[in-house]
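The numbering of the sequence shown is our numbering, which starts it at 23 and goes up by one. The C-beta atom is built at its ideal place from N, Cα and C for all residues, glycine as well.
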Amino acid sequence: MLIRQKTVLSLLAQAGKPLSPMVFVKLMFLLRHETDLEKDLTVYDFVPYRFGPFSFVLYRELGSLRRNGYVTSEEDRIALRNRTRHLAAEKARELPVSVNEAVASVVARYGRLNQHALVRNVYARYPWYAINSELPEGRSASTVCPKKAPPAVYTAGYEGKSVDAFFNDLLRQGIEVVVDVRANPVSRKYGFSRKHFSDIARKLGLEYRHMPGLGIPSGARANLNGYASYQRLLERYESEMLPRLSGEIGEVARLMLERPAVLVCVEKDVRCCHRSRLAEAVSRENHLKVIHL
Numbered sequence: 023m024l025i026r027q028k029t030v031l032s033l034l035a036q037a038g039k040p041l042s043p044m045v046f047v048k049l050m051f052l053l054r055h056e057t058d059l060e061k062d063l064t065v066y067d068f069v070p071y072r073f074g075p076f077s078f079v080l081y082r083e084l085g086s087l088r089r090n091g092y093v094t095s096e097e098d099r100i101a102l103r104n105r106t107r108h109l110a111a112e113k114a115r116e117l118p119v120s121v122n123e124a125v126a127s128v129v130a131r132y133g134r135l136n137q138h139a140l141v142r143n144v145y146a147r148y149p150w151y152a153i154n155s156e157l158p159e160g161r162s163a164s165t166v167c168p169k170k171a172p173p174a175v176y177t178a179g180y181e182g183k184s185v186d187a188f189f190n191d192l193l194r195q196g197i198e199v200v201v202d203v204r205a206n207p208v209s210r211k212y213g214f215s216r217k218h219f220s221d222i223a224r225k226l227g228l229e230y231r232h233m234p235g236l237g238i239p240s241g242a243r244a245n246l247n248g249y250a251s252y253q254r255l256l257e258r259y260e261s262e263m264l265p266r267l268s269g270e271i272g273e274v275a276r277l278m279l280e281r282p283a284v285l286v287c288v289e290k291d292v293r294c295c296h297r298s299r300l301a302e303a304v305s306r307e308n309h310l311k312v313i314h315l
């Protein structure tokens, strides 16, 4: 079990009562943002969603805790199951003392607030996460006006990020369209396979477009073993593949003149990703500056 999943069990144990989904998520959010766990990149990230800060990864793993019998199955209340409460307590005790102390501090400070008061508190102090809220508190509390990114050829790689952190970054940048340029959009990491990735984008108000023809087939990526081999592959991509893709490149170039769009692929280091060469080709078409997010 992951440390962050044990942290969920610790929070539910220390809360000592069933929590509404909204209260549960807000407490996990405050644990992430108001304790030393803020510095821990393995814990949950959050993104502005329908009721304020939300984590798709957190809810995915909450489902796992339910299936494994630690958390009750009811959708409208989140609590430890009585018959496995002792097992959950054992898992929580495996956490570093600092993590359990962080959980205790959040429960002591916010655990007695009712849902309405907790939501208002979070929205007032973290207005960014209220920008997509459907709640009245969100419309009145948020003083943040989401910006629209200026015209440019944007690119982004998701390697090393959770899907929540990745989309939160794109929203903060003012991106409106995600152009997935992976030839084969599958991933072992939750949220980045095409189905989940496109679903989450849509839920956050972003348009998703998959253009696999702009990617590099997986067979061509076999046996990559260092920077030099990546560069040889990208040189072949630029000299052999891109000249045959003028139609797709023109489509992306026109889109980026109309709306803030980003070319998305895996690699964190853009120098080792075909999106770097693709972005330059798009830039030559629409004369926009290339910006790697």
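The alpha helix (DSSP H) with residue i in it runs from where to where?
{"i": "PRO43", "result": "43-55"}
{"i": "GLU96", "result": "Unbroken run through GLU96: none, as it is neither H nor E."}
{"i": "ILE25", "result": "25-37"}
{"i": "ALA250", "result": "249-258"}
{"i": "TYR387", "result": "Because the chain is modelled from 23 through 315, residue 387 falls outside the range shown and cannot be assessed."}
{"i": "LYS61", "result": "Premise fails: LYS61 is in no alpha helix (DSSP H) and is neither H nor E."}
Let's test the definition: count the other Cβ atoms within 10 Å of the Cβ of residue i and tell me whether it reaches 16, buried, or not, exposed.
{"i": "CYS167", "result": "exposed"}
{"i": "THR177", "result": "buried"}
{"i": "TYR212", "result": "exposed"}
{"i": "SER120", "result": "exposed"}
{"i": "SER298", "result": "buried"}
{"i": "SER32", "result": "buried"}
{"i": "LYS113", "result": "buried"}
Taking 8 angstroms as the limit between beta carbons, can you name the residues of its chain near residue i, skipping five residues before and five after?
{"i": "PRO15", "result": "Coverage of the chain is limited to positions 23 through 315, which leaves residue 15 absent and any answer about it impossible."}
{"i": "LYS39", "result": "ALA101"}
{"i": "ILE222", "result": "PHE78, VAL185, PHE189 and GLY213"}
Could you give the residue range of the beta strand (DSSP E) that holds residue i?
{"i": "ARG231", "result": "229-232"}
{"i": "TYR71", "result": "69-71"}
{"i": "ALA283", "result": "283-287"}
Can you look up residue i in the DSSP assignment and give me helix, strand or coil?
{"i": "HIS309", "result": "coil"}
{"i": "THR177", "result": "strand"}
{"i": "LEU102", "result": "strand"}
{"i": "VAL166", "result": "coil"}
{"i": "MET237", "result": "What sits at residue 237 in the sequence shown is Gly, not Met. Three-state DSSP puts GLY237 in coil, outside helix and strand."}
{"i": "VAL292", "result": "helix"}
{"i": "ILE153", "result": "coil"}
{"i": "ARG210", "result": "coil"}
Output needed for residue i: all residues of its chain with C-beta closer than 6 angstroms, excluding positions within five of it in sequence on either side, in chain order.
{"i": "VAL335", "result": "Lying before the first or after the last residue shown, residue 335 is absent from the chain, which here runs from 23 to 315."}
{"i": "LYS169", "result": "GLY196"}
{"i": "PRO234", "result": "ALA205"}
{"i": "PRO207", "result": "ARG216"}
With a threshold of 7 angstroms on Cβ separation, who are the neighbours of residue i within its own chain once the five nearest residues in sequence on each side are excluded?
{"i": "SER261", "result": "none"}
Going by the DSSP bridge assignment, what does residue i pair with across the sheet?
{"i": "HIS314", "result": "THR177"}
{"i": "PHE76", "result": "VAL69"}
{"i": "VAL200", "result": "TYR230 and VAL284"}
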